[in-house]
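164 is the number that this note's numbering gives to position 168 of the sequence shown; each next residue is one higher, with no gaps.
Each residue gets a CB set at the ideal place from its N, CA and C atoms; glycine is no exception.
Fair warning: this is a prediction, and the values are worked out from it, not measured in the lab.
To start, the structure itself, in structure tokens.
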Amino acid sequence: MPLQRREMLFGTAAVLGSANTLAVSAAADSKEPGSGHAPNSITESQRQTPIAGRSDVLVCGGGPAGVSAAIAAARAGASVQLLECHGCLGGVWTSGMLSYVIDSDKPGFNKELIRRLDQANNQYGHVPLRPRTWLSYMYDVETMKWVLETLVSELRIGVQLHTRVVAVDLDQNNRIRGVMTESKSGRQAWMADVVIDATGDGDVGALAGCEFEIGDSAGADNCPCQPMSLMGVISAPPELLHQYTRAGSSDGKHKDRFRAEIERGGYKPSYTKPTVFHMGGSIASVMMNHEYGVRPDDAAAITEATFRARNELNQIVRGLQTLPEWKDLRLVATGEQIGVRDGRRIQGRSRVTQDDVVAGRKDPQSVCTSGFCVDIHALKKADGGYGNRGIKAKPFDIPMGALVAAGVDNLMMAGRCISGDFIAHSSYRVTGNAVAMGEYAGVAAATASKSQTAPHAVQYRDVDQTVQAIRKENT
-3 MPLQRREMLF GTAAVLGSAN TLAVSAAADS KEPGSGHAPN SITESQRQTP
47 IAGRSDVLVC GGGPAGVSAA IAAARAGASV QLLECHGCLG GVWTSGMLSY
97 VIDSDKPGFN KELIRRLDQA NNQYGHVPLR PRTWLSYMYD VETMKWVLET
147 LVSELRIGVQ LHTRVVAVDL DQNNRIRGVM TESKSGRQAW MADVVIDATG
197 DGDVGALAGC EFEIGDSAGA DNCPCQPMSL MGVISAPPEL LHQYTRAGSS
247 DGKHKDRFRA EIERGGYKPS YTKPTVFHMG GSIASVMMNH EYGVRPDDAA
297 AITEATFRAR NELNQIVRGL QTLPEWKDLR LVATGEQIGV RDGRRIQGRS
347 RVTQDDVVAG RKDPQSVCTS GFCVDIHALK KADGGYGNRG IKAKPFDIPM
397 GALVAAGVDN LMMAGRCISG DFIAHSSYRV TGNAVAMGEY AGVAAATASK
447 SQTAPHAVQY RDVDQTVQAI RKENT
């Protein structure tokens, strides 16, 4: 049966099941064995889950927001454990092979990370994507992995990769006490004073029973979500790549020309604005694919989308290779993780809205200012590439309350799963903003742990002063 709109947009504990039950309980089929009716569920035995670690702050998700949160919390004096489901830190930066940091021109860890990457001989540098507004920093994926691992090792942050959060532990007062994970080590529990959901898709908040939104409530489809995209890295002659970049275009129509080349090779791309990000020399990152109507909480659908996307990238490259100019083109790599634009947005104590974006609203408890445009990739294939729906964004602040879960105490969010509406999210979701959110979430969590208070009771002034001191010391 298709999901009703409310079921699609708002998740509760009733949808996800009891959050604080360590053993999963499911009603078994009532049919007797041998009746010819296979059960549609099983009942797991009650079990004791070993506690693998205790920390002041537990960060779930090691992407841009999560790594930043873990580093900031450690520098604020907290013991920190970081859990990541992939085989490296960085999330969409690395597993997703994004290759650029949008809205990177921000103070704090953004600048420190860029300095570290430059020192590691990553010479791509800042690339102006929109003159005098926002900047993108190009980076080498392998260098990014190494730099992030070096940073967390220097700070002695506990890290466990290949580990996925599957349940949470709540006390009788609806306070989160920790999470349960599954990995090669089996089922484990991780306990902490404060938990930060930096999973991108709001997995922890959803498991805890928080209300959330997915996609555009004004949409008419079963999944009014922005499409997913699988990034790739190609190798081709530098002078050829340059022609299809903003830097090599005098009329701004480089994406249209690149699409024409793809079609000349015999393939019509699902994304009508295929983009080349020239990283230097013969290497470029490419975004040439859109996967429409895929829910971010449907693993089977995401798997199918990933297969389609990787097939499309290979077909595009093979088609281009038939053209004389592109005979030396190679597809070097594709992302392990497909890029998800729209995940769950967990309800927080504050909410960022379209009105904030249009007004350029300032907030006295700001954790960062988003300077990125409203960037909505078409929800339907027939609608084309991307646009802003006529909404002109002014730089707007993200308040600390949008990082604090409304329904569960001691739970914070950082990155694209914070509390906001569809339009605001289309601007603040980029990774430069996620880094800044992570800094404040990490320090707020460390402060709450130290004072043994809930994050919503922490004074913004104390958090801001600590963030500024950390930034001054490290940048």
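Burial state of residue i, where buried means 16 or more other Cβ atoms lie within 10 Å
{"i": "HIS33", "result": "exposed"}
{"i": "ASP167", "result": "exposed"}
{"i": "ALA465", "result": "exposed"}
{"i": "VAL161", "result": "buried"}
{"i": "THR90", "result": "buried"}
{"i": "GLY57", "result": "buried"}
{"i": "GLY461", "result": "Here residue 461 turns out to be Gln, not Gly, going by the sequence shown. With fewer than 16 Cβ atoms within 10 Å of its Cβ, GLN461 is classed as exposed."}
{"i": "ILE47", "result": "exposed"}
{"i": "LYS102", "result": "buried"}
{"i": "GLU469", "result": "exposed"}
{"i": "LYS249", "result": "exposed"}
{"i": "ALA66", "result": "buried"}
{"i": "THR39", "result": "exposed"}
{"i": "SER21", "result": "Only weak support exists for where SER21 lies, its pLDDT of 40 falling under 50; the value from the coordinates is given anyway. Exposed: under 16 other Cβ atoms inside 10 Å."}
{"i": "GLY196", "result": "buried"}
{"i": "THR299", "result": "exposed"}
{"i": "PHE303", "result": "exposed"}
{"i": "PRO220", "result": "buried"}
{"i": "ARG253", "result": "exposed"}
{"i": "SER37", "result": "exposed"}
{"i": "GLU321", "result": "exposed"}
{"i": "VAL463", "result": "buried"}
{"i": "ASP352", "result": "buried"}
{"i": "PRO270", "result": "buried"}
{"i": "ALA256", "result": "exposed"}
Bridge partners - residue i, DSSP secondary structure assignment
{"i": "ARG171", "result": "ASP405"}
{"i": "GLN77", "result": "LEU54 and GLY154"}
{"i": "VAL477", "result": "Summary: the structure shown does not reach residue 477, with the chain confined to residues -3 through 471, and so no result is reported for it."}
{"i": "VAL97", "result": "TYR133"}
{"i": "LEU203", "result": "Answer is none; LEU203 lacks a bridge partner."}
{"i": "ILE372", "result": "GLY383"}
{"i": "THR462", "result": "THR462 is not bridged to any residue."}
{"i": "THR177", "result": "VAL161 and GLN184"}
{"i": "GLY244", "result": "Note: GLY244 sits in no beta bridge, so no partner."}
{"i": "ILE47", "result": "ALA185"}
{"i": "LEU166", "result": "ILE172"}
{"i": "GLY335", "result": "SER225"}
Cβ-heavy atom distance, residue i to the ligand MN, below 7 Å
{"i": "VAL363", "result": "Annotation note on the ligand MN: not contained in the displayed structure, which lists no ligands."}
Range covered by the beta strand (DSSP E) that runs through residue i
{"i": "ASP393", "result": "392 to 395"}
{"i": "GLU209", "result": "208 to 210"}
{"i": "GLN350", "result": "Careful: GLN350 lies outside any beta strand (DSSP E), inside the alpha helix (DSSP H) at 350 to 355."}
{"i": "ILE192", "result": "182 to 193"}
{"i": "ARG326", "result": "326 to 330"}
{"i": "VAL229", "result": "227 to 231"}
{"i": "ASN342", "result": "Looking at the sequence shown, residue 342 is not Asn but Ile. Residues 340 to 342."}
Inter-residue spacing [alpha-carbon to alpha-carbon] between residue i and residue j
{"i": "MET134", "j": "TYR96", "result": "4 Å"}
{"i": "VAL454", "j": "ALA116", "result": "37 Å"}
{"i": "VAL404", "j": "ASP324", "result": "55 Å"}
{"i": "ARG152", "j": "SER266", "result": "44 Å"}
{"i": "SER422", "j": "GLY438", "result": "23 Å"}
{"i": "ILE342", "j": "TYR424", "result": "14 Å"}
{"i": "ALA401", "j": "ARG345", "result": "6 Å"}
{"i": "VAL459", "j": "ASN406", "result": "16 Å"}
{"i": "ASP136", "j": "ARG43", "result": "44 Å"}
{"i": "THR139", "j": "GLU150", "result": "16 Å"}
{"i": "ALA441", "j": "VAL190", "result": "6 Å"}
{"i": "ALA70", "j": "MET187", "result": "16 Å"}
{"i": "GLY335", "j": "LEU226", "result": "6 Å"}
{"i": "ILE258", "j": "SER51", "result": "51 Å"}
{"i": "VAL175", "j": "VAL55", "result": "10 Å"}
{"i": "SER100", "j": "LEU109", "result": "10 Å"}
{"i": "TYR240", "j": "GLY182", "result": "48 Å"}
{"i": "PRO451", "j": "ASN169", "result": "15 Å"}
{"i": "LEU78", "j": "GLY154", "result": "6 Å"}
{"i": "SER366", "j": "ALA61", "result": "15 Å"}
{"i": "TYR456", "j": "TYR436", "result": "9 Å"}
Continuous alpha helix (DSSP H) stretch holding residue i: start and end
{"i": "ALA437", "result": "427 to 447"}
{"i": "TYR135", "result": "Counting along the chain, TYR135 falls outside any alpha helix (DSSP H), and DSSP gives it neither H nor E."}
{"i": "THR159", "result": "Unbroken run through THR159: none, as it is neither H nor E."}
{"i": "ILE110", "result": "105 to 115"}
{"i": "VAL63", "result": "60 to 71"}
{"i": "THR365", "result": "Note, THR365: premise wrong, no alpha helix (DSSP H); beta strand (DSSP E) at 362 to 366."}
{"i": "GLU257", "result": "250 to 260"}
{"i": "ALA420", "result": "418 to 424"}
{"i": "HIS238", "result": "234 to 239"}
Checklist line | In chain order, each beta strand (DSSP E) run of at least 3 residues that lies wholly inside the region 269 to 323 | finding: 271 to 276 and 279 to 283
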